[in-house]
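Single-structure report; data block below.
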Amino acid sequence: MQTQSSFKTTGKGTLFLVPTPIGNLGDMTYRAIDTLKSVALIAAEDTRNTQKLLNHFEIETKQISFHEHNTQQRIETLIEKLEAGDDIAQVSDAGMPSISDPGHELVKACIIADIAVVPLPGANAGITALIASGITPQPFTFYGFLPRKGKELNESVTLLAQKPETIIFYEAPHRLKKTLQVLMTAFGPERQVTLGRELTKKFEEFIRGSLKEVLAWTSATELRGEFVIIVAGNPTPIMKISEKTVAALPLPEQVEAQIQQGANPNVAIKTVAKANGLKKQVVYNAYHELTE
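Position one of the sequence shown corresponds to residue 109 (our numbering), numbered consecutively onward.
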């Protein structure tokens, strides 16, 4: 167990997770600007992209690249600086850090090193699209990007199709049509969906309808901009999912499948551990994204 007092003086630096606009620069908060000006270093997903933001707000803080291809080598450097007392801000290209972007590994490393991690509220594409979608906003599941491989993709949507809550996906324009086809096959053509694109920008657009209708729309439209896909939950989920389908899923999703079928989390973890010949702690750590 660990307790963090975010603003207590410890002699160590603080990792600030700073959201950036998802399109409209006017959505940058005063606190985010002040934080980026005050820290010793900004760890940025793409320093070229972030530099444009810094220039706009006249922020002169130095940057260091921190992206999916150099995460491990950078973490050691960043932890050393934080241990020495430097405050660091971590930003992604758009929106909240760690949400479908680098950052989670650095957060975990800071927690292990007993370094304070302070999140700032701000723009998020998924929530922005959700509240304007017209689809029930809660409860919801944020999924992000679906797997790319066919087998993993089909297994994931088969499980997700049974969820009664609204689901939020992200998708690139060149993959949108294929993803909607896969979703329609698993969820059914009449399941309601809302697409949000160019959110907060001049050409912001929402497309609402059934999966069948929205898929037809993609064939008659030039697809540009990153998309958020909001899919309505299943009002009549089939609780029983085949054991073969469940066994093929990653451990966390196997646990989720058991919960979906009515088991409480502890029983679900125990069941999955037994089915896979693993210790309960291994499955517990995988489900809760804990390192041993």
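The beta-carbon is built from N, C-alpha and C at its ideal position, and this holds for glycine as well.
> Three or more C-beta pairs closer than 8 Å, one from the stretch 247-260 and one from the stretch 132-147: is that the case here?
Replying inline: no
> VAL336 and ILE276: beta carbons closer than 8 Å?
Replying inline: yes
> Among residues of its own chain, excluding the 5 on either side of SER200, which ones have a beta-carbon nearer than 6 Å to its beta-carbon?
Replying inline: GLU153, ASP209
> For VAL126 versus LEU228, is the C-beta distance shorter than 8 Å?
Replying inline: yes
> Is ILE75 helix, strand or coil when you go by DSSP?
Replying inline: Nothing can be reported for residue 75, as the shown portion of the chain is limited to 109 through 400.
>> I need the straight-line Cα distance from LEU162 to HIS175, nearest angstrom please.
In response: 18 Å
> Quick one: what's ALA328 bridged to in DSSP?
Replying inline: Answer by DSSP bridge pairing: none, since ALA328 is not bridged.
> Which residues share a DSSP beta bridge with GLU313?
Replying inline: ARG305
> Of the choices ALA233, GLN198, VAL390, LYS387, whose alpha-carbon is the least far from that of ARG182?
Replying inline: GLN198
>> So THR287 and GLU298 are supposed to be a Cβ contact under 8 Å. How far apart are they, rounded?
In response: Not a contact, Cβ separation roughly 18 Å.
> How is the alpha helix (DSSP H) around GLU176 delimited, first residue to last?
Replying inline: No alpha helix (DSSP H) contains GLU176, which DSSP labels as neither H nor E.
>> If distances are taken between C-alpha atoms only, which option among ALA140, GLN270, ILE196 comes closest to LEU149?
In response: ILE196
> Using the beta-carbon count (16 or more within 10 Å), is ILE243 buried or exposed?
Replying inline: buried
> Per DSSP, which one or two residues make a beta bridge with GLY258?
Replying inline: Answer by DSSP bridge pairing: none, since GLY258 is not bridged.
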